[in-house]
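With our numbering applied, the sequence shown corresponds to residues 40 to 622, in that order.
Cβ coordinates follow ideal geometry from the N, Cα and C atoms, glycine included.
Scroll down for the structure; my scribbles are underneath it.
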Amino acid sequence: MDIYNFKSAPAHSNFQLPFELTGKAFDTWLLSLENSSASEKAHQVFLAIQNINTNNTLAIEKKSLILIDIYQATPLFLEPLKNSILNSALPLTPEEKSHVEYIVWIYAELANGFASCISKKSNLANAQTFFYGLQSLIAAYLHISAAYKTPYANFWKQSYLLYGLASNLEIHDLTIKVHDHHSNTISKAFKHLIALYHCDFHQFRPRAMLSISTCIEKYTSLMLLEKKFDKKKPTQYSGFDLNTDAPPSNLTRLKKTQKSAFRFFSGFNAAISINQNTNDEAQGSGILKLINRELIQQASNSLSLQKKRQFTRIIEQKEQYGIMGLASIIQSLRNNSSLQISPQKKKTDNFDPRVAGGWSVPNLELVSEGYESLAAMKHMLNNSSFKGNNTVQAKKIFGADSNNPTNTSIWNNTPEQVIESTQESLLNISDSSIKGYKIIFNTDNNSSKVQIGDIIGIKHHDTIEVGIICRIMQFTEHEIELGIKLFALESELAYISLPDHDAIYTWALFLPEIKALNSNDSVVFNDNRFQSGEFITLHRADLKPQTCRLHNLLHLSSAAAHIDISNTPILDRESVDNNEHFT
């Protein structure tokens with residue numbers, strides 16, 4: 040079955056251009072649409088670009104300048120449409136689907152327009168046309184990826200055309216000064232696009248894709264793009280034929296013909312540098328910075344082309360039922376478990392947050408994806424050192440309103456949250472390994488939605504395997520391919536509490552160790568009152584409560600934390616209380 044490509048822009052219409060063919064006239068017309076909805080505004084601009092592209096009376100130099108003016112205006116009027124899909128789950132709603140289509144089509148038509156304006160002149164004006172054609176394709180690619188689809192027909196061929204002709208004219212390294220970003224040449228812009236492909240965006244959420252793109256762009260000068268590759272390091276290179284419409288591939292898959300014009304790309308050195316600077320590149324602070332750092336490392340590892348499959352996959356075709364979401368999995372287990380919350384023995388008044396050992400865990404507020412900026416601003420607004428005009432401006436930008444508070448916690452700390460029904464989804468498993476599955480999720484048969492990072496339970500005999508959605512690709516119009524990384528082959532209902540403070544507890548999944556994979560006992564939960572390093576009491580059905588320590592953080596996302604546990608005995612409480620610090 041063919042991979043599902045993004046829908047190409049519809050054919051040209053008989054739209055009458057409502058403004059003169061000048062950049063100033065376009066700006067005035069766009070301003071007149073300020074009372075229109077974001078979708079209608081995008082629709083009108085899309086039709087206008089198509090009309091400009093078909094105009095054969097305007098000199099290509101002037102047409103290019105108008106298109107550049109439109110390109111530079113796109114971030115502002117497309118912002119509402121872009122924001123609507125940054126945190127969306129699949130399948131997209133009809134409105135979300137329409138939004139992403141208009142964004143991609145506008146950039147695709149801009150690329151078509153710039154491609155029609157190129158000439159054989161080796162000057163800066165012509166270089167600028169090539170450059171903005173590639174920038175339009177980069178923007179289109181980012182939003183195609185946000186829908187987890189592959190580019191429309193002729194996408195790669197057009198990008199190769201723009202780079203190849205610019206190289207022949209020897210204008211590919213001219214600096215475009217009006218573009219004050221890092222990829223300010225045709226060569227760097229093209230390497231940016233190829234690098235984004237190698238980052239494998241099917242493993243990220245849309246918001247992460249944009250931040251990764253911003254990071255990757257800074258390192259294009261370290262990327263190699265040549266007619267030959269280092270034969271001593273072939274695994275560091277991918278290749279592509281400028282005369283085809285195929286994306287870059289492994290060197291062993293390249294097929295040479297008489298018309299082949301191969302180019303070889305390596306992002307290996309850039310990936311090393313990015314990995315060395317992840318702490319500086321990751322935005323935010325605390326837990327948020329930790330999550331962003333992990334995402335950047337994940338992207339750079341893909342860019343290095345050194346990732347290899349660790350476990351053998353077995354091709355199979357079988358159907359199993361699954362449960363989407365941690366809360367639903369826990370509720371499903373609670374429906375068939377004797378485990379109940381024990382009577383609370385201690386009050387939580389004046390609770391000392393220090394863990395056994397006399398040290399305190401940082402108070403890190405977890406923030407849900409999509410609310411990072413708001414949470415950061417909320418922190419600054421509450422900070423006494425953040426005064427004056429900064430506060431006024433922040434409240435204006437983020438709409439801070441004390442009468443309308445927004446809950447930005449990454450998790451709901453209410454432990455008794457009950458799911459009325461735990462709907463099961465029918466999953467078609469197409470291949471599997473000891474650590475994961477490839478699943479075809481049919482949206483016609485299932486009402487659930489899926490996102491990168493979601494916890495999934497796969498029913499297997501009398502237990503539930505627990506994993507995380509680590510990869511998504513739109514397979515057909517109604518089928519989504521999910522890559523599942525398994526945390527454990529079985530799971531058990533549990534809840535964890537703080538020692539001597541039973542009132543502070545949360546439901547969790549207990550995942551038994553797998554000695555063959557060197558994995559320890561672990562727990563999966565969604566409560567920010569429990570941090571790695573703390574001692575906890577683990578409660579399981581028909582077993583005596585056990586004191587453990589939350590040890591290594593294995594996974595952290597907006598969906599849950601996965602932390603392994605050790606059975607380290609708790610230190611004598613009296614000795615802890617009498618020793619504030621270790622020496």
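Any idea which residues DSSP pairs residue i with across the strands?
| i | result |
| --- | --- |
| residue 496 | 362, 505 |
| residue 254 | Residue 254 is not bridged to any residue. |
| residue 518 | 481, 515 |
| residue 468 | 357, 478 |
| residue 113 | Bridge partners of residue 113: none, in fact. |
| residue 624 | The structure shown does not extend to residue 624, since the chain is modelled only from 40 to 622, so the question has no answer here. |
| residue 189 | 44 |
| residue 176 | Answer by DSSP bridge pairing: none, since residue 176 is not bridged. |
| residue 183 | Note: residue 183 sits in no beta bridge, so no partner. |
| residue 82 | Partner(s): none; residue 82 has no beta bridge. |
| residue 605 | 588 |
| residue 595 | 600 |
| residue 540 | 537 |
Taking the C-alpha atoms as reference points, what is the distance between residue i and residue j?
| i | j | result |
| --- | --- | --- |
| residue 367 | residue 347 | 33 Å |
| residue 494 | residue 600 | 10 Å |
| residue 501 | residue 594 | 26 Å |
| residue 146 | residue 232 | 14 Å |
| residue 161 | residue 209 | 7 Å |
| residue 236 | residue 98 | 34 Å |
| residue 14 | residue 351 | Residue 14 cannot be examined here, being either before or after the span of the chain that is shown, 40 to 622. |
| residue 312 | residue 578 | 45 Å |
| residue 504 | residue 476 | 11 Å |
| residue 340 | residue 132 | 32 Å |
| residue 582 | residue 377 | 11 Å |
| residue 535 | residue 470 | 35 Å |
| residue 557 | residue 135 | 43 Å |
| residue 380 | residue 253 | 47 Å |
| residue 349 | residue 551 | 22 Å |
| residue 602 | residue 370 | 20 Å |
| residue 322 | residue 329 | 9 Å |
| residue 166 | residue 201 | 10 Å |
| residue 299 | residue 196 | 13 Å |
| residue 91 | residue 102 | 8 Å |
| residue 52 | residue 138 | 20 Å |
| residue 462 | residue 316 | 43 Å |
| residue 354 | residue 479 | 13 Å |
| residue 275 | residue 57 | 51 Å |
| residue 168 | residue 229 | 14 Å |
| residue 257 | residue 564 | 36 Å |
| residue 308 | residue 511 | 28 Å |
| residue 66 | residue 78 | 18 Å |
Per DSSP, what kind of secondary structure is residue i in: helix, strand or coil?
| i | result |
| --- | --- |
| residue 69 | helix |
| residue 50 | coil |
| residue 217 | coil |
| residue 377 | coil |
| residue 107 | helix |
| residue 128 | coil |
| residue 531 | strand |
| residue 58 | coil |
| residue 96 | coil |
| residue 524 | strand |
| residue 90 | helix |
| residue 45 | coil |
| residue 149 | helix |
| residue 279 | strand |
| residue 209 | coil |
| residue 600 | strand |
| residue 625 | Outside the modelled stretch of the chain, which goes from 40 to 622, sits residue 625, for which no answer is possible. |
How many whole angstroms separate the CB atoms of residue i and residue j, which I take to be in contact at a CB cut-off of 8 Å?
| i | j | result |
| --- | --- | --- |
| residue 277 | residue 344 | 6 Å |
| residue 365 | residue 598 | 6 Å |
| residue 562 | residue 549 | 6 Å |
| residue 182 | residue 142 | 5 Å |
| residue 524 | residue 496 | Not really, about 13 Å apart at Cβ, beyond 8 Å. |
| residue 70 | residue 80 | So it is not a contact: roughly 11 Å between Cβ atoms. |
| residue 625 | residue 519 | No information on residue 625 is available, as it lies outside the stretch 40 to 622 that the chain covers here. |
| residue 248 | residue 185 | 6 Å |
| residue 491 | residue 528 | Wrong, their Cβ atoms sit about 22 Å apart, outside the cutoff. |
| residue 199 | residue 281 | 4 Å |
| residue 241 | residue 180 | About 13 Å; that fails the 8 Å criterion. |
| residue 538 | residue 576 | 5 Å |
task: Would you mind listing the beta strand (DSSP E) stretches within the region 559 to 591 that are 3+ residues and don't spill past its ends, in chain order?
output: 561 to 564, 574 to 579
field: Completely contained beta strand (DSSP E) runs for the region 227 to 272, where each covers 3 or more residues
entry: 263 to 265
task: Pick out the complete beta strand (DSSP E) segments inside the region 281 to 340, 3 residues or longer, and give them in chain order.
output: 301 to 305
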